[in-house]
Amino acid sequence: MNSARHARERLMSWPGLTGGRASCGSEYCVRTGVQEIVHFHGEQEADVHLSRTMVARMLPALSESTALRTRDGSGWVTVRLDCGTDIDLLITLVSAALQAGPAVAEEDSAGLAADLCTHQRQYAA
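Residue numbers (our numbering): 483 to 607.
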């Protein structure tokens with residue numbers, strides 16, 4: 483079983499989370515209500531949507547992991563899913579994303595520029 487599939491299966495056991503196609507065109511995302519929290523890009527990579535404020539606050543800790551990639555001004559964190567501990571890290575970030583949900587909605591309604599996931603940023607340029 484590939485890492486992304488294993489992570490999806492773990493997340494889909496959580497109450498209140500549903501799966502479907504991502505708005506960026508990726509085959510699979512995990513959402514709560516209408517808010518997309520995780521986009522899976524292939525078998526070894528996922529983007530987690532936190533708030534921009536939360537990413538900025540957590541940046542020193544996030545920067546220490548070789549499995550994570552951040553982009554300036556983005557609320558999305560890319561997780562490279564190479565092993566079981568990377569999946570655990572993804573699960574932890576999803577938990578943080580669920581807690582950040584109101585902050586993400588507030589940022590979205592504040593008129594900030596659209597916060598695109600990694601996949602959207604690559605193909606929008």
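Backbone N, C-alpha and C fix where the C-beta goes; we use that ideal spot for every residue, glycine too.
Per DSSP, cross-strand counterpart(s) of L550: In the DSSP secondary-structure assignment, L550 is bridged to V561.
Paired residues, beta bridge with V539 - DSSP: This sequence places Arg at residue 539; Val is not what is there. According to DSSP, R539 bridges with nothing at all.
Beta-bridge partners of C511, as assigned by DSSP: Beta-bridge pairing links C511 to G502, H521.
Neighbour flag for S505 against chain D, beta carbons, 8 Å: The chain labelled as chain D is not found in the depicted structure, where only one protein chain is given.
Segment contact flag, the stretch 568-578 with the stretch 514-532, C-beta cutoff 8 Å, min 3 pairs: They touch, by the three-pair rule.
Beta bridge counterpart(s) of V530 as assigned by DSSP: V520, V559.
contact_flag[the stretch 485-502, the stretch 522-533] where n(CB pairs < 8 Å) is 3 or more: Contact between the stretch 485-502 and the stretch 522-533 is present, because at least three Cβ pairs lie under 8 Å.
Counted within 10 angstroms of its Cβ, other Cβ atoms place A504 as buried (16 or more) or exposed: Here A504 is buried, its C-beta having at least 16 other C-beta atoms within 10 Å.
Sub-8 Å separation of R539 and A549 beta-carbons: Not a contact, by the Cβ cut-off of 8 Å.
Unbroken alpha helix (DSSP H) run spanning L598, endpoints: Under the DSSP assignment, L598 falls outside any alpha helix (DSSP H); it carries neither an H nor an E label.
Limits of the unbroken alpha helix (DSSP H) element including S545: DSSP places S545 in no alpha helix (DSSP H); its state is neither H nor E.
CB-CB length for S533 against G566, believed under 8 Å: Here S533 is actually not in contact with G566; their C-beta atoms are around 27 Å apart, not less than 8 Å.
For T600 and T560, believed in contact at Cβ under 8 Å, the rounded distance: Approximately 5 Å separates the beta-carbon atoms of T560 and T600; this is inside 8 Å, confirming the contact.
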